[in-house]
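Residue 127 in UniProt numbering sits at position 127 of the sequence shown, with consecutive numbering throughout. First up is the structure itself, then whatever we jot down about it.
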Amino acid sequence: MSTLIEISNSSYPNEDDCVITMIERIDSTVTYNDFFSKYLMCNKPCVISFQAIKNWPCRHEWVLNGAPNFEMLRKLFGPSIVPVADCNRKFYNSQFKNNMPMKNYLEYWADYKRSCYDKSMPLLYLKDWHCVRSFSNVPMYEVPQYFVSDWLNEYYIAHPELNDDYMFVYMGPKETWTPLHADVFTSYSWSANIVGKKRWLLFPPHEEDHLRDLYGQLVYDAVSEELNDHTKYKMYDSEKLKCFDVIQEAGEIMFVPSGWHHQVWNLEDTISINHNWINGCNITNVWCALKKELRSVMKEVDDCKDMKNWNEHCQLMLKTSYGMDYKQFLEFISFIAKNRLHAMIKKSQVISFNKYRFGHNHCLFDLQALKVILENIITDAQNLSVYNLMCKNDEARILLKNIVSFLNSYNIIENAVFL
């Protein structure tokens, strides 16, 4: 039987609730509605206590005596090919990545541990592994209720032909790390420590601008000595920089808001489950980032503006740099909008992760958010002369008209109840 996920009509937060002076730690007594208004809508980070994941199969089967259970991991996943980053090899503003069999990675990890983490050995970190997609029959975990309004994975789970999702497993020895970055699409992310401990540096939106060099490039390592070179990093001032330094223990979940840059270190041998996700609370941030990235692409190739198919070329570059172009973004939000419309008109259910169903207030909130984004993308695509590239048969305007028609009729019916 599915669990109802609902918000109240008064879920909009007070301004004071959105002030961030520290990273709060919360437990499972916090309701979904409170989490929605205080953390999702306020774009506010927090750490969630171990109760949320204590019954996960992976929390028990992948762990032995407080450390990763190499034998069980080898048994479950040994032959699979996994993505591995070399934390000692910089590649542009990230780390050099390669693929290797899981059993080989586990052998490396066991050897590295036996050598007492010998600095002469490589520092390898298995990250961004689509474990759930590859092993859908292996019981691992259940998405905590706070994170089930997840449009991104709702879309990809319903479209297996795209062969993608944003559900990952990370694992690696102590001292493996991830350089300074913001998450894909400026999405939210959550990261649950199955075993081990992490240190997070979290920077509120726009603080990362103080960590850019003269050319606008973000520093690779947020604690690097090179930041003290004021001829290169003119905006950097360690005294004024706003940053939160947080330790995440085993069993805890870190919620990272939209557009927050962060850098992460494993302080112990660590395994974590990570999701990126988008919903009605941060879709505006995602759309603004996509729009900004297209402007950046267009500026970069402005000298070729007279070439044939210039707009198509810009969209192709956008998809390469951002991971999504206007056409796919429209397909994504249209899929979610049609799901919510169908649920409201036909009184059907929107089921998330096979366990949760959204209430009518939640579906209504989603539709109102989607209406605003559709209006924006239609206007922007028209202004840039890419509307016909984005949709061939006027699908965007037709969908918007249907949403507006429903919302108008819904308001009439709702108001009539109180007459």
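Glycine is no exception: its CB is placed at the ideal position from the N, C-alpha and C atoms.
1) Would you mind reading off the limits of the alpha helix (DSSP H) that contains L389?
2) If you draw a straight line from the C-alpha of K232 to the C-alpha of E239, how long is it?
3) Can you find a C-beta in chain D that's less than 8 Å from the C-beta of F135?
4) Around the C-beta of E286, are 16 or more other C-beta atoms found within 10 angstroms, so that it is buried, or is it exposed?
5) Give the straight-line distance between the Cα atoms of S385 and Y155, rounded to the nearest whole angstrom.
6) Given this structure, state the Cα-to-Cα distance separating N33 from L124, to the nearest angstrom.
7) Could you tell me which of W62, E312 and G259 sits nearest to V184, measuring between CA atoms?
8) Is it right to say N282 is buried, meaning 16 or more other beta carbons lie within 10 angstroms of its own, or is it exposed?
9) Taking E395 as the reference, which of M121, Q263, L4 and I377 has the closest Cα?
10) Would you say Y326 and Q315 are within 8 Å of each other, going by their C-beta atoms?
11) Indicate whether I253 and I53 have their beta-carbon atoms separated by less than 8 Å.
12) Around the Cβ of G216, are there at least 16 other Cβ atoms within 10 angstroms (buried) or fewer (exposed)?
13) Classify S49 as helix, strand or coil using the three-state DSSP reduction.
14) For the putative contact between W190 and F147, defined by C-beta atoms under 8 Å, what is the C-beta separation to the nearest angstrom?
15) From the DSSP output, which residues share a beta bridge with L202?
16) Using the Cβ count rule (16 or more neighbours within 10 Å means buried), how would you classify N266?
17) Determine, using beta carbons only, whether F70 and L126 come nearer to each other than 8 Å.
18) Pick from V350, L152, K113 and I48: whose alpha carbon is nearest that of residue 505?
19) Is it right to say A343 is buried, meaning 16 or more other beta carbons lie within 10 angstroms of its own, or is it exposed?
20) For F418, is the classification buried or exposed, using 16 other Cβ atoms within 10 angstroms of its Cβ as the cut-off for buried?
21) Would you list the one or two residues that DSSP bridges to P79?
22) State the CB to CB distance for the pair L180 and Q248, rounded to an integer number of angstroms; the pair is presumed to be in contact (CB under 8 Å).
23) Terminal residues of the continuous beta strand (DSSP E) containing S134?
24) Since P79 and P101 are thought to touch, with beta carbons under 8 Å apart, how far apart are those beta carbons, to the nearest angstrom?
25) With burial defined as no fewer than 16 other Cβ atoms inside 10 Å of the residue's Cβ, what is the status of N274: buried or exposed?
26) Give the DSSP-derived three-state secondary structure of D302 in the structure shown.
27) Measure the beta-carbon distance from A158 to F335 and round it to whole angstroms, keeping in mind my assumption that it falls under 8 Å.
28) Measure from the alpha carbon of K291 to the alpha carbon of each residue in C391, I373, E208 and D165, then state which is nearest.
29) From C131, P139, D229 and T176, pick the residue whose C-alpha is nearest to that of N163; which is it?
30) Quick one: grab the DSSP three-state call for A416.
31) Let's test the definition: count the other Cβ atoms within 10 Å of the Cβ of L40 and tell me whether it reaches 16, buried, or not, exposed.
32) Are there three or more Cβ pairs, one per stretch, closer than 8 Å when the stretch 4–23 is compared with the stretch 354–374?
33) Spatial neighbours of M235 within its chain, please: C-beta separation below 7 Å, excluding the five flanking residues on both sides.
34) Which runs of the alpha helix (DSSP H) at least 4 residues long sit entirely within the stretch 98–160? Give them in chain order.
35) Give me, in chain order, the residues of the same chain whose beta-carbon lies closer than 8 Å to that of M317; leave out the 5 immediate sequence neighbours on both sides.
36) For A416, which residues of its own chain have a beta-carbon under 6 Å away from its beta-carbon, when the five flanking residues on both sides are left out?
Taking the definition as stated:
1) Here the alpha helix (DSSP H) through L389 covers Y387 to M390.
2) Spanning the two alpha carbons is a distance of roughly 18 Å.
3) Here chain D cannot be found, since the structure has a single protein chain.
4) A quick correction: the sequence has Val, not Glu, at residue 286. It is buried - the Cβ of V286 has at least 16 other Cβ atoms within 10 Å.
5) 27 Å
6) In this structure, the CA atom of N33 is about 40 Å from the CA atom of L124.
7) Each of W62, E312 and G259 was checked against the Cα of V184, and the nearest Cα belongs to G259.
8) Buried is the call here.
9) E395 has its Cα closest to that of I377, out of M121, Q263, L4 and I377.
10) yes
11) yes
12) exposed
13) coil
14) 5 Å
15) According to DSSP, which records beta bridges pairwise, L202 is partnered with F244 and H262.
16) Answer is buried; the Cβ neighbour count reaches 16.
17) no
18) Any property of residue 505 remains undetermined from this structure, which presents the chain solely from 1 to 419.
19) buried
20) Confidence is the limiting factor: at F418 the pLDDT is only 42, short of 50, which leaves the residue's position unreliable, though a coordinate-based value still follows. Exposed is the call here.
21) According to DSSP, which records beta bridges pairwise, P79 is partnered with nothing at all.
22) Incorrect: roughly 17 Å between the Cβ atoms, too far for contact.
23) No beta strand (DSSP E) contains S134, which is instead part of the alpha helix (DSSP H) from C131 to S134.
24) 6 Å
25) With 16 or more other CB atoms across the displayed protein chains lying within 10 angstroms of its CB, N274 is buried.
26) Looking at D302 - three-state DSSP - the assignment turns out to be helix.
27) Their Cβ separation, rounded to whole angstroms, is 7 Å, which keeps A158 and F335 in contact under 8 Å.
28) I373
29) C131
30) Model confidence at A416 stands at a pLDDT of 49, short of 50, so the residue's coordinates are unreliable and nothing is read from them.
31) buried
32) yes
33) D209, H210 and R212
34) Counting only runs that start and end inside the stretch 98–160, the alpha helix (DSSP H) elements of at least 4 residues fall at 102–114, 131–134 and 151–158.
35) V297, E300 and V301
36) Its pLDDT being 49, under 50, A416 is placed unreliably in this model, and the coordinates cannot settle the point.
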